[in-house]
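Chains as they are written, first to last, in my numbering: chain A, 1 to 486; chain B, 487 to 771.
Set out below in structure tokens:
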């Protein structure tokens, strides 16, 4: 372990030394500190393009780190309370895939909630593992998928003793946490690993009065989106592990798909953001929590909206709640969440994180100011005054339990045919369908298409959800397994 | 002895106005902004916020009179007024000249600004001590959110669209103001200058946003020497009264209010815009 302190940033410091050396570049990248691409310098600035450099001895190499990147990883491990931390430059998607590829092989079973991010199911397409879904509870009032109940996880483990791992969202996009600590105990008791998707939980490692983080709960691996609540550049993340002896193998798995030309912009942003959170995270997230509480109170005062908070915790499917998440239930003003999301952007120049059928979510972070929160709240008041209508005819987000027929891999690579949406009922889908964001699949490869799913897709399209996944960009057709109807 | 000390107010990245400064009277930083008071031979005392010139003793009367007397000469019965921003007291100083006004709520976000103006610009700020005036320290956007059908006149005395007052240039704010006015209420805002490109763009955006909320939205102008380009615009947004057709000039004259810039005679003229400004405005109508 490093004896450096958390106020150091080894990659950043190495880049500063490198800048002062005024090294003449006869290596890639070919823009040569921006000189070959003045328009890029105009856009990004010379400081930025000046550190867009290749791996070299003084700057280490992400594929096999031995100096400054190694030190940066060790400092991150220390800050997050992990045995080791990997700097990742392919987004949290690459973390999630590396976690799954590290523990699953073809034919292995993995237990996971159905409301996982697409990256988890994509990993199953890559490795050929079989998903065992635990259906999340649904809050019928709010219309959101919740966490996994402990006894459901227990049941899944008992029914699938040959499963190799349990995958847990900590928290979900809406900030909802399962009882991670107990899940770890049960899973480890059954000889299974626990993988945590903490794409929305970076701040759990630093703030007070927030849900427990995966490393502290004893999970084996965790994917942390430093670029979401942690403040680093988009696409940069940490993969954390709790057992030091796994490091070599996990590194090999990461190197299967990770670039060999990792961006130093991303790496140094991880370094600096880790330092910031280690030194100031506690106060920063206390401020974010205060802002979120304030916004919730003010939005609830408007009437009609429900900005929900910790009061929804029920000890089971909502074991804990992340109070920095500002989710607003909109159906009682007669608008879908996605409609409020669109109005806020088109009419008020306010971009929020996402909207679905019943809710929308504004992402608050260390970069927010009180005056911007005032704008958000006032815009909510205006949306209600100008656009609210009766609730009649509004659908809530219903959770549709999937009928898994084939593994994601078998169906993804199967012979397929393209059919009109209406003609696909009863067939097995070979692709994903999801609203993005949040990127949680309505259909995944290998699942049977039901009339409920078709209705849902049509309604979501009509309300203006941005649907992605299928080859047909307009989602009028879907790919299904050819020939035999399963 | 004269010092060779100059304050430079950047109007665009390529244009600035330089004023010789005799003394710096105050410099301080609040939670929201940096505030300076300078003293100059030509413009008298100058209030500077975040490095930008806000008002000068010499020409503030033009701005404050035009923000106030134009709507007061149109609306036949103003009783309750809301001033947002305006912690310097300039707008309120003009308002308290009217006996028929019963109450003035002055909402200012920054208590330091009020304190500094009370000390260094007392001839403006002492108006805030009038019995009818309530000073409320709050974000204007937050204050207005919960008000409905309460005011005859709202005057938005906001600095510029990029600083602490950013929220006072938004569509949600204008919508909230509409909702806070009586059914015949008027809203006045400072509307930037049409001359330089960046301000002209802000000007258009503002006009578009106000039009989305108010059935009547017209722009008028004044010449303010210390402001960028000297050519300054104001917005007159109204639920019922037309700024010229409903002008009560005879009644206004009867009140005997003393002004140095505003006159009912120029009231009709200031709504006649130069062709290029008219075009700018038409573009978004």
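Using N, Cα and C, we set each Cβ at its ideal position, and we do this for glycine too.
- Per DSSP, the beta-bridge partners of residue 542(B) are 532(B).
- In the DSSP assignment, residue 514(B) is bridged to 521(B).
- If you ignore the 5 residues before and after residue 381(A), its C-beta comes within less than 7 Å of the C-beta of 302, all in its own chain and listed in chain order.
- For chain A, the residues of the segment 649-663 of chain B that bring a beta carbon within less than 8 Å of one of its beta carbons are 650, 652, 653, 656, 657, 658, 659, 661 and 662, in chain order.
- DSSP places residue 728(B) in no alpha helix (DSSP H); its state is neither H nor E.
- Taking CB atoms only, residue 628(B) has a neighbour in chain A less than 9 Å away.
- With a threshold of 16 other beta carbon atoms within 10 Å, residue 115(A) meets it and is buried.
- Going by beta carbons, residue 156(A) and residue 180(A) fall outside the 9 Å limit.
- Here the C-alpha atom of residue 272(A) lies approximately 17 Å from the C-alpha atom of residue 239(A).
- Residue 771(B) is classed as exposed because its beta carbon has fewer than 16 other beta carbons within 10 Å across all chains shown.
- From the beta-carbon of residue 287(A), no residue of chain B is found nearer than 8 Å; the closest lies around 13 Å away.
- Following the DSSP letters along the chain, one finds residue 669(B) inside the beta strand (DSSP E) bounded by residues 667-676.
- Buried is the label assigned to residue 738(B), since at least 16 other Cβ atoms lie within 10 Å of its Cβ.
- For residue 49(A), the closest alpha carbon among the candidates 65(A), 19(A) and 236(A) is that of 19(A).
- Taking 8 Å as the upper bound on Cβ-Cβ separation, chain A lies near residues 665 of the segment 665-685 of chain B.
- Residue 699(B) sits in a helix when the DSSP states are folded into three classes.
- The beta-carbon distance between residue 168(A) and residue 196(A), rounded to whole angstroms, is 5 Å. This is short enough to meet the 8 Å contact definition.
- Within chain B, no C-beta atom comes less than 9 Å from the C-beta of residue 341(A); the nearest is roughly 15 Å away.
- The Cβ neighbour count for residue 492(B), taken over all protein chains shown within 10 Å, is under 16; the residue is labelled exposed.
- Looking at the DSSP output, residue 707(B) shares a beta bridge with 719(B).
- Cα atoms of residue 72(A) and residue 278(A): separation of roughly 13 Å, rounded to the nearest angstrom.
- Residue 459(A) has a beta carbon lying at 9 Å or more from every beta carbon in chain B.
- Ranking 732(B), 722(B) and 712(B) by CA distance to the CA of residue 526(B) puts 712(B) first.
- Residue state for residue 547(B) is assigned as helix, using DSSP reduced to three classes.
- Counting along the chain, residue 85(A) sits inside the beta strand (DSSP E) bounded by residues 84-88.
- Judged by DSSP secondary structure, residue 624(B) falls outside any beta strand (DSSP E); it is assigned neither H nor E.
- DSSP places residue 329(A) in the uninterrupted beta strand (DSSP E) bounded by 325-329.
- By the Cβ-count criterion, residue 554(B) is buried, with 16 or more other Cβ atoms from all chains shown falling within 10 Å of its own Cβ.
- At a cut-off of 9 Å between C-beta atoms, residue 635(B) does not count as an interface residue with respect to chain A.
- For chain A, the residues of the segment 495-521 of chain B that bring a beta carbon within less than 9 Å of one of its beta carbons are 518, in chain order.
- For residue 638(B), no Cβ of chain A is located within less than 9 Å of the residue's own Cβ.
- Within the model, the alpha-carbon separation for residue 428(A) versus residue 135(A) is close to 19 Å.
- For residue 230(A), the CB contacts under 7 Å within the same chain, skipping 5 residues up- and downstream, are 202, 273 and 277 in chain order.
- CA-CA distance, residue 62(A) to residue 4(A), rounds to 19 Å.
- A straight line joining the alpha-carbon of residue 153(A) with that of residue 250(A) spans about 26 Å.
- Judged by pairs of C-beta atoms under 8 Å, the segment 442-462 of chain A touches the segment 385-404 of chain A, as three or more such pairs exist.
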